[in-house]
Amino acid sequence: MRLEALVRASIQDALAGLGLTPPAEIPVDRPSRPEHGDLASRVAFLLSAERRVPPPEIAQELSRRLASHPAFREVRAEGGFVNFFLDPGALHEVLREALRDGDRYGQSDEGRGRLLQVEFVSSNPTGPLTIGHLRQAAIGDVLAEAYAQLGWRCVREYYLNDEGHQIDLLAQSLWARYRESLGDGQPIPEEGYHGDYLAALGEELAQAWGDRYPTWDEAARAALRREAVVRMMAMIHEDLDAIGVRFDVWTREGDLHRRGLVREVFDRLCELGAVYEKDGAHWLRSTDHGLSRDPVLIRSDGTPTYLMVDIAYHVDKFRRGFAQVIDVQGADHVDEQRQVKLALRILGLPDDFLHYCLHQFVTLKGREGVQRMSTRAGRFLQLKDLVAEVGRDVARYFMVMRKPESHLVFDYELARKTSMENPVYYVQYAHTRIASVFREAEKGGELPADFVSVDLSPLVDPEELALIKEIDRFPDVVRAVAHDFAPHLLCAYLEALAALFHPYYARVRILGQGAATPARLALLAGLKLVLGRGLAILGVSAPEAM
RNA sequence: GCGCCCGUAGCUCAGAGGAUAGAGCGCUGGCCUGCGGAGCCAGAGGUCGCAGGUUCAAAUCCUGCCGGGCGUACCA
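Just so it is clear: in the first sequence, position 479 is 1462 by our numbering, and no numbers are missing.
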């Protein structure tokens, strides 16, 4: 049994024995100081309020009753806390269970096969992906993987905004580049896209088309739009390949229009009295519901705004049977998010259907020239170039090692280091070292046939027991990553695990130690399992050799 | 102006009601003959932005202020 469950169950029994009703949730903590035990509970504080007995008294009684429990070496009441010191045997069982579960360790069936969508990146096809999109790609991918571990059927979806004004600007910018290649200098629209990446494409089009589109007319517009989107998508796919993110579904804005969905959802909002007309446009009554402004849904020229389409898109997601949807978006979308959530509430969708994982932006430290990025101005670091410089593993890891809502400073110098100062290598190296020990063990014929049945009783060293306690946390970390949209917790966990392992390895000899050897190899097998599984969820490789 | 996010060691960041606030980098000083030294150990370094409040208990919750980011479009 996992440690927290073990402690919780023991408290439950003890309370029953004392004739006390346990609180709805029995708190179990992991104390930061070793003298406070392996685990601790402040349940006595909760009970004292209703029982009108001081916490220390309740803690005393509890510890007396729990003292003889076989899983605990000692149970001590201190202040109002009950501190549990584990018997090594209980820890050995934790390790054994992890080894028995193998790749299923850390998984659960809370999702019960329900459908969950993670929508992320969804960058407009107006340029290649940059380091800014990388953060979102990494976060979304890890969240999807974490939920998959919890038994959800996850769909990774990319919303492709291939219509509208921005695409026109892109097309016209590309047209200007194309004319430029033919020696006909046309200005790129002020609000257009000035990056070099369009110049190369313009050159190609000039080769292919010659002088076919001399003026910016309807024919040119149609051709350039089509061409631009196709080319931009090709670049985006290249970038996604570079970091190993694959999407299951691509939804194009155009499809939503063609299916009449946008119109239908707009009409429904009107029926519900949530829309009014002013200055020839149609507005959502958001201020009536406490938001700071009313947004336009249908412009005075009759075209729907991005928001209107987004609302319809989410209705579509609901109809497609997703039990939950997580949209990963940058901090510049807060207002949009509130408007969409409000509209969905008006339309009667359940409140817990849509969740936003909002993330702050990335700044780059230690590399020339790219402090403030802008796709429009052509000032950015392309994702695949970054990956070429630091590697996929480092690129992905660095993007998720801070919590999404914090600003992230990408330390380029650190990212380029291949020593253990770089946390990615620090964690990977732990995995590699263990793999290396196993290779040696096999050579020397010391590798047990089956770790699950190994006698673990030689594992009594405090460092060994501390490592098992960390292994015990892994399923909780996976769950927290998913529920709290917090991939960084997994990074912190893996680094802590590696930080326990490296000193242990430096001090304690594994091979050639008699009965201790198979036990220590079993411990290393458990560590390797968890390190490998954790890295896999992050989409980072777990090398056998480096 | 208003809304949201963030102010924790020199730097980058964890911790989000519990016991004496942590990690990595950097800094100082020790360890090179064993399974991978791409290392290991020890140490210094903090009024948790400021001021009030709630609580047995606040970095954590509430209020106000200060500083930074993002938004506040008939752009997406």
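Yeah, the Cβ is synthetic: ideal placement off N, Cα and C, and Gly gets one too.
Cβ-based neighbour list, residue i, same chain, cut-off 7 Å, excluding 5 preceding and 5 following
i: ALA1264; result: VAL1279, ILE1281, ARG1282, SER1283
i: ALA1007; result: none
i: VAL1373; result: ALA1398, ARG1399
i: ALA1508; result: LEU1082, PHE1434
i: ARG1056; result: PHE1068, LEU1069, ASP1070
For residue j and residue i, the rounded distance between their alpha carbons
i: GLY1352; j: THR1288; result: Confidence is the limiting factor: at GLY1352 the pLDDT is only 42, short of 50, which leaves the residue's position unreliable, though a coordinate-based value still follows. Each residue's alpha carbon lies about 35 Å from the other.
i: VAL1036; j: GLU1018; result: 26 Å
i: GLU1236; j: GLY1517; result: 36 Å
i: ASP1438; j: ASP1394; result: 45 Å
i: ILE994; j: LEU1442; result: 27 Å
i: ALA1054; j: LEU1510; result: 22 Å
i: ARG1214; j: ALA1489; result: 53 Å
i: VAL1041; j: ARG1048; result: A quick correction: the sequence has Ile, not Val, at residue 1041. Taking the straight line from one Cα to the other gives about 11 Å.
i: MET1384; j: ILE1520; result: 13 Å
i: VAL1026; j: ALA1081; result: 28 Å
i: SER1389; j: ASP1145; result: 30 Å
i: ALA1060; j: ASN1066; result: 6 Å
i: ALA997; j: LEU1022; result: 16 Å
i: VAL1034; j: VAL990; result: According to the sequence as given, residue 1034 is Arg; it is not Val. Roughly 22 Å separates the two Cα atoms.
i: GLU1187; j: ASP1222; result: 21 Å
i: ALA1326; j: ASP1299; result: 13 Å
i: ALA1206; j: LEU1472; result: 48 Å
i: LEU1330; j: GLU1173; result: 39 Å
i: THR1234; j: GLY1147; result: 15 Å
i: ALA1306; j: ARG1097; result: 6 Å
i: GLY1427; j: TYR1409; result: 27 Å
i: HIS1052; j: ALA1129; result: 35 Å
i: PHE1363; j: PRO1108; result: 15 Å
i: ALA1050; j: PRO1005; result: 19 Å
Sequence-distant residues of the same chain with beta carbon closer than 6 Å to residue i, five excluded per side
i: GLN1354; result: Residue placement at GLN1354 is flagged as unreliable, the pLDDT there being 49, under the threshold of 50; the coordinate-derived value follows with that caveat. Nothing listed; no residue qualifies.
i: VAL1104; result: HIS1116, GLN1119, ALA1120, TYR1141
i: TRP1266; result: TYR1259, ASP1277, VAL1279
i: GLU1527; result: ALA1418
i: ALA1525; result: HIS1414, GLY1515, LEU1518
Residue i vs residue j beta-carbon contact at 8 Å
i: PHE1484; j: LEU1450; result: yes
i: VAL1317; j: LEU1337; result: no
i: LEU1074; j: ALA1505; result: no
i: GLN1090; j: GLY1134; result: yes
i: GLU1446; j: ALA1479; result: no
i: LEU1369; j: ILE1114; result: yes
i: ILE1219; j: ARG1375; result: no
i: LEU1030; j: LEU1003; result: yes
i: ASP1124; j: VAL1232; result: no
i: CYS1340; j: VAL1311; result: yes
i: LEU1165; j: ASP1194; result: yes
i: HIS1342; j: ALA1314; result: yes
i: LEU1088; j: PHE1457; result: In the sequence as presented, Leu is not what sits at residue 1088; that position holds Tyr. Contact: yes.
i: GLY1349; j: GLU1404; result: no
i: GLY1178; j: THR1358; result: yes
i: GLN1149; j: VAL1461; result: no
Counted within 10 angstroms of its Cβ, other Cβ atoms place residue i as buried (16 or more) or exposed
i: VAL1058; result: buried
i: LYS1324; result: buried
i: GLU1260; result: exposed
i: THR1270; result: exposed
i: ASP1455; result: buried
i: SER1015; result: exposed
i: ALA1217; result: exposed
i: GLY1072; result: exposed
i: VAL1523; result: buried
i: PRO1333; result: exposed
i: ALA1032; result: exposed
i: MET1529; result: exposed
i: ALA1202; result: exposed
i: PRO1197; result: exposed
i: LEU1001; result: exposed
i: GLU987; result: buried
Heavy atom of the ligand MG within 7 Å of residue i beta-carbon
i: ALA1424; result: This structure lacks the ligand MG; in fact it carries no ligand of any kind.
Own chain, CB closer than 8 Å to residue i, minus 5 neighbours either side, in chain order
i: PRO1431; result: VAL1437, PRO1501, LEU1504, ALA1505
i: ASP1293; result: GLU1319, VAL1323
Within the stretch 1016–1040, ranges of the alpha helix (DSSP H) (whole runs, at least 4 residues): 1026–1034
In chain order, what are the residue ranges of uninterrupted alpha helix (DSSP H) at least 4 long that sit wholly in the stretch 1131–1175? 1148–1164
Continuous alpha helix (DSSP H) assignments of at least 4 residues falling wholly in the stretch 1316–1399: 1317–1329, 1366–1373, 1375–1383, 1395–1399
Please specify which runs of the alpha helix (DSSP H), each continuous and at least 4 residues long, are wholly inside the stretch 1063–1136, giving them in chain order. 1071–1084, 1114–1132
Considering only residues of the stretch 1251–1298, which uninterrupted alpha helix (DSSP H) runs meet the minimum length of 4 residues and lie entirely inside it, listed in chain order? none
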